[in-house]
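Residue numbers (our numbering): 19 to 234.
Structure first, commentary second.
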Ligand code: SF4
């Protein structure tokens, strides 16, 4: 039982309604998408030297030793690896809150009920909108969240088209301005104008540290 791991690190959770909390991250190697604005392309193949096979036991022990009460399994695309649900379940069994950030193309129902899926819904700007598994919108459990990265009005219109399929009172919907493409104030203005029950998601790690910093 092992996983291909790109990197592990402890940082401040930058996104979702859990933003701001210390968090132990496990970034898995490999992604089936190639978003135009990807900021973790080094996770496709794990970079030049760092992708390693790690056992579930080993990863659980490393995360436990961080002392964080929040953990996130991310990528790349974590649901491409068969042991990801087991890792999520084992971390949750420690009493941790476990987030799994997934790119929206994979069926989230493989996750254990105690994990919280943060499901990306890629818009037109990504070039990968047609690869989304829209069935995930009806598979969301009570604590799961959805994230839209908004680079322009086309992405915003795409989000608007999918909102009727979501229960925004139950599942937090996050809208992130695409860094360097859309000013946060502009997206804030659109959200307020339309009175949407959608959370402005500012990717805190890109404001705390340089936007291209790794391991944060
Ligand atoms: S899904 Fe994530 S890791 Fe994969 S290409 Fe898109 S942004 Fe990059």
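No residue lacks a Cβ here, since even glycine has one placed at the ideal position from N, Cα and C.
Given residue 209, which residues of its chain have a CB within under 8 Å of its CB, disregarding the five upstream and five downstream residues? Numbered from its first residue, the chain shown carries residue 209 at position 191. Once the five neighbours on either side are set aside, the close Cβ partners of residue 209 are 193, 216 and 218.
Could you name the residues of the same chain whose beta carbon sits closer than 8 Å to that of residue 74, not counting the 5 residues immediately before and after it, in chain order? Stepping through the chain shown from its first residue, residue 74 is reached at position 56. Excluding residues within five positions, the ones whose Cβ falls inside 8 Å are 19, 20, 21, 101, 104, 105 and 108.
If we call anything under 8 Å between Cβ atoms a contact, is residue 36 one with residue 98? Translated into positions along the chain shown, residue 36 becomes position 18. Translated into positions along the chain shown, residue 98 becomes position 80. No, Cβ-Cβ distance for residue 36 and residue 98 is not below 8 Å.
heavy atom of the ligand SF4 below 7 Å from residue 51 C-beta: Locating residue 51 in the chain shown gives position 33, counting from the first residue. For the ligand SF4, at least one heavy atom lies less than 7 Å from the Cβ of residue 51.
For the beta strand (DSSP E) holding residue 136, just list the boundary residues, first then last. Here the question's residue 136 lines up with position 118 in the chain shown. That run of the beta strand (DSSP E) goes 134-138.
Just the Cα atoms here: how many angstroms apart are residue 110 and residue 123? Here the question's residue 110 lines up with position 92 in the chain shown. Here the question's residue 123 lines up with position 105 in the chain shown. Answer to the nearest angstrom: the Cα atoms are 24 Å apart.
Which value, in whole angstroms, describes the spacing of the CA atoms of residue 25 and residue 72? Working through the chain shown from its first residue, we reach residue 25 at position 7. Working through the chain shown from its first residue, we reach residue 72 at position 54. Each residue's Cα considered, the two are about 11 Å apart.
Run through DSSP, which three-state label would residue 89 get? As a position in the chain shown, residue 89 is number 71, starting the count at 1. In this structure, residue 89 counts as strand in the three-state DSSP scheme.
DSSP has residue 22 in a bridge; who is on the other side? The residue labelled residue 22 in the question sits at position 4 within the chain shown. 71.
For residue 164, three-class secondary structure by DSSP: Along the chain shown, read from residue 1 onward, the residue named residue 164 stands at position 146. Here residue 164 sits in strand by DSSP.
Local Cβ density within 10 Å of residue 211, reported as buried at 16 or more and exposed below that: Locating residue 211 in the chain shown gives position 193, where the first residue counts as 1. Burial call: exposed.
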